[in-house]
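Engineer: In the working numbering, the protein residues as written are 7 to 388. Ideal Cβ positions, reconstructed from N, Cα and C, are used throughout, including at glycine. My questions will all concern the structure given below.
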Ligand code: NDP
Ligand code: MG
């Protein structure tokens with residue numbers, strides 16, 4: 007039986023992780039559960055699984071939670087506590103499904119404590135990839151990707167020599183607005199942006215898919231996870247989301263991983279690794295039903311967010327931190343109805359343009375820049 011700490015448990019990935027834990031209750035036990043403030047989603051899980059620890063960041067939510075009788079659960083309430091439950095000696099697996107760079111400290115803690123890490127929280131790797139990967143190497147810990155593209159690449163590389171891999175090809179569905187022109191994007195609403203054609207996900211990543219910022223974050227994520235230079239990471243538009251990503255080797259052989267667009271598959275892969283567990287929860291892929299697959303070159307003028315991500319990644323230093331922080335803040339403003347859809351990429355571009363990169367930043371610098379950029383983007387709104 008493996009004890010699991012789940013960070014970001016009330017989110018889209020978090021709830022699907024709970025499906026996997028419930029389905030494989032003979033293998034996994036929920037030890038700690040962390041979330042921000044969504045009591046309605048958290049409470050049934052806490053009652054059902056009675057984790058030893060619950061971390062709730064928001065103080066009002068904590069006060070409300072304390073009104074319930076939860077005799078077997080200790081309630082904590084800080085970002086530091088997230089790190090505590092991620093490093094607890096009784097924990098075997100940490101699932102990091104928190105949204106945003108707030109998950110950085112807990113990620114580093116889990117690495118230092120040598121936990122098995124199922125890793126969804128891509129913003130953390132984008133904001134401080136060089137630090138996270140250095141720690142992972144130092145402690146001999148592998149980050150097991152939950153992001154479907156990276157889980158696909160991880161599977162394509164199983165048993166292979168990474169030095170023989172020449173190119174990573176990330177597939178992109180195109181998001182909610184893939185059939186709209188730049189001109190038509192001027193009119194789109196928040197409701198439109200939240201209708202993803204293939205995947206059901208949290209609000210922020212659904213908007214990121216529509217701007218293609220998500221694929222940009224994933225390019226940087228792939229760079230760090232697999233040590234691949236940016237010139238060897240491509241993105242291809244693949245509307246069906248059946249191929250989750252591809253690796254090309256030096257003999258020009260390609261390996262791809264296919265499956266239904268169901269995040270519980272990569273979540274379970276990371277939890278069960280190195281074993282492959284049964285998946286009674288969902289459907290397998292019916293190739294006859296799929297029929298045809300389509301691939302299309304990415305248009306960087308149509309999706310400038312992706313161009314910005316390559317720029318940030320290749321420049322390095324603090325530029326990816328700026329890319330991520332500006333995007334997180336801009337999407338937050340868009341979700342609150344304060345800015346238009348197209349302002350997101352304009353704000354990210356402006357933040358990158360106004361920033362002079364600092365090479366090899368330490369953790370303190372990254373945290374500082376992250377906060378400064380969020381503040382700066384808020385001034386753009388006004
Ligand atoms: P959601 O918005 O659905 O959930 C986010 C989770 O993080 C919630 O549990 C939320 O708590 C918690 N959270 C938010 N802010 C804080 C904070 N300040 N401190 C602590 N916890 C916080 O996001 P997703 O599940 O969609 O995404 C989570 C991560 O997984 C992201 O990094 C995303 O990029 C990645 N990912 C998601 C995929 C998906 O299919 N959804 C696919 C691939 C990657 P509360 O509910 O209480 O607000
Ligand atoms: Mg993805």
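(1) Taking the straight line between their C-alpha atoms, what separation do you get for residue 31 and residue 20?
(2) Go through its chain and collect everything with a Cβ distance to residue 116's Cβ below 6 Å, but skip five positions before and after it.
(3) Considering Cα atoms alone, identify which of 161, 296, 44 is closest to residue 276.
(4) Once the 5 residues before and after residue 47 are set aside, which same chain residues still bring their CB inside 6 Å of it?
(5) I'd like to check one pair, residue 341 with residue 131: are the Cβ atoms closer than 8 Å?
(6) Helix, strand or coil for residue 110 per DSSP?
(7) Given a cut-off of 8 Å on the beta-carbon distance, is the pair residue 270 and residue 287 in contact?
(8) I want to check one thing, is the minimum distance from the CB of residue 129 to the heavy atoms of ligand 1 below 7 Å?
(9) Give, in chain order, every unbroken run of the alpha helix (DSSP H) that is at least 4 residues long and sits entirely within the region 321-366.
(10) May I have a chain-ordered list of the beta strand (DSSP E) segments no shorter than 3 residues that lie completely inside the region 95-158?
(11) What residue range does the alpha helix (DSSP H) around residue 220 cover?
(12) For residue 174, name the three-state secondary structure that DSSP assigns.
(13) Are three or more beta carbon pairs between the region 149-165 and the region 347-363 nearer than 8 Å?
(14) So does residue 17 have its beta carbon nearer than 7 Å to some heavy atom of ligand 1?
(15) So, at 6 Å on beta carbons, what are the nonlocal neighbours of residue 251 in its own chain, with the 5 sequence-adjacent residues on each side left out?
(16) Can you tell me whether residue 153 sits near ligand 2, meaning its C-beta is under 7 Å from at least one heavy atom of the ligand?
(17) Give me, in chain order, the residues of the same chain whose beta-carbon lies closer than 7 Å to that of residue 172; leave out the 5 immediate sequence neighbours on both sides.
(18) Name, in chain order, the residues that DSSP records as bridge partners for residue 11.
(19) At 4 residues or longer, what runs of the alpha helix (DSSP H) sit wholly inside the region 228-289?
(20) With 16 other CB atoms within 10 Å as the buried threshold, where does residue 210 fall?
(21) Tell me whether residue 32 sits in a helix, a strand or coil according to DSSP, three-state version.
(22) Which whole-angstrom value describes the C-beta separation of residue 43 and residue 62, a residue pair presumed to lie in contact below a C-beta threshold of 8 Å?
(23) Should residue 231 and residue 149 be called a contact, given that it needs their Cβ atoms to be closer than 8 Å?
(24) Taking 7 Å as the line, does the beta carbon of residue 230 fall inside it for any heavy atom of ligand 1?
(25) Check whether the Cβ of residue 181 lies closer than 7 Å to any heavy atom of ligand 1, and answer yes or no.
(26) For the beta strand (DSSP E) containing residue 59, list its first residue and its last residue.
(27) Could you give the C-beta distance for residue 45 and residue 80, rounded to a whole number, given that I count them as a contact under 8 Å?
(28) According to DSSP, what are the bridge partners of residue 82?
(29) In the structure shown, what three-state DSSP assignment does residue 382 receive?
(30) Here's the rule I'm using: 16 or more other beta-carbon atoms within 10 Å means buried, otherwise exposed. How should residue 260 be labelled?
(31) Between residue 120 and residue 98, is the Cβ-Cβ spacing less than 8 Å?
(32) So residue 134 packs on residue 365, CB below 8 Å; how close in whole Å?
(33) Considering only DSSP beta bridges, list what residue 302 is partnered with.
(34) Could you pull out every residue in the same chain whose Cβ sits closer than 6 Å to the Cβ of residue 363, ignoring the five residues on either side in sequence?
(35) Can you tell me where the alpha helix (DSSP H) with residue 293 in it begins and where it stops?
(36) If you follow the alpha helix (DSSP H) that residue 46 is in, where does it begin and where does it stop?
Structural biologist: In brief:
(1) Distance between the alpha carbons of residue 31 and residue 20 is about 16 Å.
(2) Closer than 6 Å at the Cβ level, and outside the excluded window around residue 116, lie 92, 100, 123.
(3) Taking residue 276 as reference, the option from 161, 296, 44 with the minimal CA-CA separation is 161.
(4) Closer than 6 Å at the Cβ level, and outside the excluded window around residue 47, lie 16.
(5) Judged by their CB atoms, residue 131 and residue 341 are not nearer to each other than the 8 Å cut-off.
(6) Residue 110 falls in the helix class under three-state DSSP.
(7) Yes.
(8) With a cut-off of 7 Å, the C-beta of residue 129 is classified as near ligand 1, since at least one heavy atom of the ligand falls inside that distance.
(9) The region 321-366 contains these whole alpha helix (DSSP H) runs: 325-341, 347-360.
(10) Assignment of beta strand (DSSP E) within the region 95-158, counting only whole runs of 3 or more residues, yields 99-102, 122-125, 149-151 in chain order.
(11) Segment 219-232, the alpha helix (DSSP H) holding residue 220.
(12) Strand.
(13) Using a Cβ-Cβ distance cut-off of 8 Å, the region 149-165 and the region 347-363 are not in contact, since fewer than three pairs of beta carbons, one from each stretch, lie closer than that value.
(14) If you check the C-beta of residue 17 against ligand 1, you find a heavy atom less than 7 Å away.
(15) Closer than 6 Å at Cβ, skipping near neighbours: 155, 158, 159, 176, 177.
(16) Distances taken from the Cβ of residue 153 to the heavy atoms of ligand 2 include one shorter than 7 Å.
(17) Result list for residue 172: 238, 254, 255, 256, in chain order.
(18) Note: residue 11 sits in a beta bridge opposite 38, 100.
(19) Runs of the alpha helix (DSSP H) lying entirely within the region 228-289 and spanning at least 4 residues, in chain order: 270-278.
(20) Residue 210 should be labelled buried.
(21) In the three-state reduction of the DSSP assignment, residue 32 falls in the coil class, being assigned neither a helical nor a strand state.
(22) The pair is a contact, with the Cβ atoms about 7 Å apart (cut-off 8 Å).
(23) Yes, Cβ-Cβ distance for residue 231 and residue 149 is below 8 Å.
(24) Checking the Cβ of residue 230 against ligand 1 gives no.
(25) Checking the Cβ of residue 181 against ligand 1 gives no.
(26) DSSP places residue 59 in the uninterrupted beta strand (DSSP E) bounded by 59-62.
(27) That belief does not hold up - the Cβ atoms of residue 45 and residue 80 are roughly 17 Å apart, past 8 Å.
(28) BP columns for residue 82 point to 61.
(29) In the displayed model, residue 382 falls within a helix according to three-state DSSP.
(30) Of the other Cβ atoms in all chains shown, fewer than 16 fall within 10 Å of the Cβ of residue 260; this residue is therefore exposed.
(31) In this structure, residue 120 lies away from residue 98, with their beta-carbon atoms at least 8 Å apart.
(32) Between residue 134 and residue 365, the beta carbon gap of about 14 Å keeps them out of contact (Cβ cut-off 8 Å).
(33) Looking at the DSSP output, residue 302 bridges to 243.
(34) The residues are 321, 323, 324, 325.
(35) DSSP places residue 293 in the uninterrupted alpha helix (DSSP H) bounded by 293-296.
(36) Start and end: 45-55.
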